[in-house]
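The structure under discussion appears below in the form of structure tokens.
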Amino acid sequence: MTILVLCALIFGVGMYTVLTRREIIAILAGVELMLGSANVLFIALASFSGADPGVAGAIGLVILVVAAAEAAVGLALVVTLSRRSKRSSIDELTEVNG
Amino acid sequence: MTLEILAFALAALLMLGGAAVVALTKDLMRLVVGLGAFLLGVAGMFLYYGHAFLATAQVFVYVGGVLVLVVFAVMVVHRANGGRPLVTSQHDIGAAAVAFGVSGMLVMSLRESVGGWLPESGTSGSSIAQELLGGHLVAFELLGVLLLVALVAVLLIVGPGERR
Chain A
456 MTILVLCALI FGVGMYTVLT RREIIAILAG VELMLGSANV LFIALASFSG
506 ADPGVAGAIG LVILVVAAAE AAVGLALVVT LSRRSKRSSI DELTEVNG
Chain B
616 MTLEILAFAL AALLMLGGAA VVALTKDLMR LVVGLGAFLL GVAGMFLYYG
666 HAFLATAQVF VYVGGVLVLV VFAVMVVHRA NGGRPLVTSQ HDIGAAAVAF
716 GVSGMLVMSL RESVGGWLPE SGTSGSSIAQ ELLGGHLVAF ELLGVLLLVA
766 LVAVLLIVGP GERR
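Here's what the structure looks like:
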């Protein structure tokens with residue numbers, strides 16, 4: 456139960472960060488909090504349910520790699536936005552070009 | 616048993632403390648340090664649940680890779696501003712209610728699925744490799760393709776750089 460409350464609490468903190476921060480890097484950090492806590496909860500639940508630890512580890516690794524790829528693309532977007540418009544707050548980014 | 620509870624408490628403290636710093640600090644570099652503490656706590660939790668390979672991957676990929684990327688991004692985005700990079704936030708009771716309401720829903724919906732303190736069994740790198748290269752080979756290959764696509768996307772997004 457402790458791990459469930461801990462992970463749910465950190466997921467909530469991550470969501471609060473995403474909802475209240477204005478800086479894109481801070482919002483990405485909030486997303487990382489949500490993904491990390493979800494991954495820990497997944498591994499813990501797999502342990503408690505007696506699932507094959509190899510399968511749980513493999514799926515955990517997949518989540519980890521997908522989250523890393525998301526962070527890399529997100530940070531590349533931040534750097535590009537900053538270089539083009541010198542802005543890094545979501546309140547200043549009100550239009551898209553496409 | 617006491618040592619195991621101590622290890623759990625240490626990892627939990629790292630996760631919770633790091634998350635609190637990420638949510639509340641106004642200094643962007645402190646936010647990055649808080650994120651690092653949280654990611655180390657996640658690696659500690661993986662170790663606690665017997666997934667040593669995942670913990671190693673977490674430290675290599677996140678603490679060693681993504682965190683350095685974040686520091687580079689902070690340096691590039693805030694280099695012209697001078698002084699310490701600060702973050703703004705609009706603390707809002709409504710946002711807190713939504714976020715922690717979702718937390719409560721998670722606890723309510725999953726409370727039957729969790730048991731005692733200790734994991735039933737651990738795993739090693741070789742068993743993960745057997746799963747990835749055996750029954751889940753397609754997923755493993757797709758993961759490689761995803762990483763390649765992400766890499767190409769990053770190169771395309773960032774582009775050739777500013778002409779001076």
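Same order as they appear, the protein sequences are chains A and B. Last residue of the first sequence: 553 (our numbering), numbering continuous. Last residue of the second sequence: 779 (our numbering), numbering continuous. Glycine included, each C-beta is placed from N, C-alpha and C at the ideal position. Since the structure is predicted, the reported quantities are computational estimates derived from the model, not experimental observations.
Selected residue, minimal CA-CA separation from A:GLY467, among B:LEU752, B:THR671, B:GLY709
Along the first sequence, one-based indexing puts residue 467 of chain A at 12. Checking every option, the nearest Cα to that of A:GLY467 belongs to B:GLY709.
Does DSSP put A:GLU478 in a helix, in a strand, or in coil?
In the first sequence, residue 478 of chain A corresponds to position 23, counting from 1. Of the three classes helix, strand and coil, the one that applies to A:GLU478 here is strand, per DSSP.
Collapsed DSSP secondary structure at A:LEU548 in the structure displayed:
Walking along the first sequence from the start, residue 548 of chain A turns up at place 93. A:LEU548 sits in coil when the DSSP states are folded into three classes, being neither helix nor strand.
Is B:ARG779 close to chain A, meaning its C-beta is less than 8 Å from at least one C-beta of that chain?
For the purposes of this step, residue 779 of chain B is identified with residue 164 of the second sequence, where counting begins at 1. Any reading at B:ARG779 needs caution, since the residue's pLDDT is 46, under 50, leaving its predicted position unreliable; the model's value is listed next. Closer than 8 Å: no.
Go to B:VAL683, then tell me how far its alpha helix (DSSP H) extends in each direction, as first and last residue.
For the purposes of this step, residue 683 of chain B is taken as residue 68 along the second sequence, with counting starting at 1. Unbroken alpha helix (DSSP H) run through B:VAL683: 682–692.
With 8 Å set as the bound, which would you pick, yes or no: does the beta-carbon of A:SER540 sit closer than that to a beta-carbon of chain B?
Taking the first residue of the first sequence as 1, we reach residue 540 of chain A at position 85. Interface with chain B (8 Å Cβ-Cβ cutoff): A:SER540 is excluded.
Closest Cα partner of A:ALA499 within the set A:LEU488, A:GLY512, A:GLU487
The sequence position of residue 499 of chain A within the first sequence is 44, counting from 1. Measuring C-alpha to C-alpha distances from A:ALA499 to each of A:LEU488, A:GLY512, A:GLU487 identifies A:GLY512 as the nearest.
Using a cut-off of 8 Å between C-beta atoms, extract the partners of B:THR617 located in chain A.
Counting from 1 along the second sequence, the entry for residue 617 of chain B is found at position 2. Neighbours of B:THR617 on chain A: none; closest Cβ ~15 Å, over 8 Å.
With a cut-off of 8 Å, do at least 3 Cβ pairs link the stretch 652–660 of chain B to the stretch 618–636 of chain B?
Contact check between the stretch 652–660 of chain B and the stretch 618–636 of chain B: three or more CB pairs, one atom from each, fall below 8 Å, which counts as touching.
Ordered along the chain, which non-local residues of its own chain (more than five positions away) have a Cβ less than 6 Å from that of B:MET630?
The count along the second sequence starts at 1 and reaches residue 630 of chain B at position 15. Once the five neighbours on either side are set aside, the close Cβ partners of B:MET630 are PHE653, GLY656.
Out of A:PRO508, A:GLY515, A:ASP507, A:ILE480, point me to the one whose CA is closest to A:LEU490's CA.
Position 35 of the first sequence, counted from the first residue, corresponds to residue 490 of chain A. A:GLY515 is the residue among A:PRO508, A:GLY515, A:ASP507, A:ILE480 whose C-alpha sits nearest the C-alpha of A:LEU490.
Kindly say whether A:VAL486, judged by its beta-carbon, lies nearer than 8 Å to any beta-carbon of chain B.
Here residue 486 of chain A refers to the residue found at position 31 of the first sequence. By this cut-off, A:VAL486 is not an interface position.
Using a beta-carbon distance below 8 Å, is A:ILE545 in contact with chain B?
Translated into the one-based positions of the first sequence, residue 545 of chain A becomes position 90. A:ILE545 does not count as touching chain B.
Let's test the definition: count the other Cβ atoms within 10 Å of the Cβ of B:LEU771 and tell me whether it reaches 16, buried, or not, exposed.
The residue given as residue 771 of chain B occupies position 156 in the second sequence. Here B:LEU771 is exposed: its Cβ has fewer than 16 other Cβ atoms, across all protein chains shown, within 10 Å.
For A:PHE497, go through chain B and note every residue whose CB falls closer than 9 Å to its CB, in chain order.
In the first sequence, the residue the question calls residue 497 of chain A occupies position 42. Within chain B, no residue comes near A:PHE497; the closest Cβ sits about 10 Å away, beyond 9 Å.
Local Cβ density within 10 Å of A:THR472, reported as buried at 16 or more and exposed below that:
Taking the first sequence and counting its residues from 1, one reaches residue 472 of chain A at position 17. Flag for A:THR472 reads buried.
In chain order, what residues of the same chain lie with their CB nearer than 6 Å to the CB of A:GLY469, ignoring the 5 residues before and after it?
Taking the first sequence and counting its residues from 1, one reaches residue 469 of chain A at position 14. GLY485, LEU488, MET489.
Any beta carbon of chain B sitting closer than 8 Å to that of A:LEU548?
Position 93 of the first sequence holds residue 548 of chain A. By this cut-off, A:LEU548 is not an interface position.
Residue range of the alpha helix (DSSP H) that includes B:VAL773:
On the second sequence, residue 773 of chain B is found 158 positions in, with the first residue counted as 1. Residues 752–773.
Since B:VAL692 contacts A:ILE480 with CB under 8 Å, what's their CB separation in whole angstroms?
Taking the second sequence and counting its residues from 1, one reaches residue 692 of chain B at position 77. Taking the first sequence and counting its residues from 1, one reaches residue 480 of chain A at position 25. In this structure B:VAL692 touches A:ILE480 by the C-beta definition: roughly 7 Å separates them, less than 8 Å.
Hey, quick one: how far does the alpha helix (DSSP H) through B:SER724 stretch, first residue to last?
For this step, residue 724 of chain B is matched to residue 109 along the second sequence. Where B:SER724 is concerned, the enclosing alpha helix (DSSP H) stretches over 708–725.
Hey, could you find the ends of the alpha helix (DSSP H) B:PHE653 is sitting in?
Locating residue 653 of chain B in the second sequence gives position 38, counting from the first residue. For B:PHE653, the enclosing alpha helix (DSSP H) has its first and last residue at 643–663.
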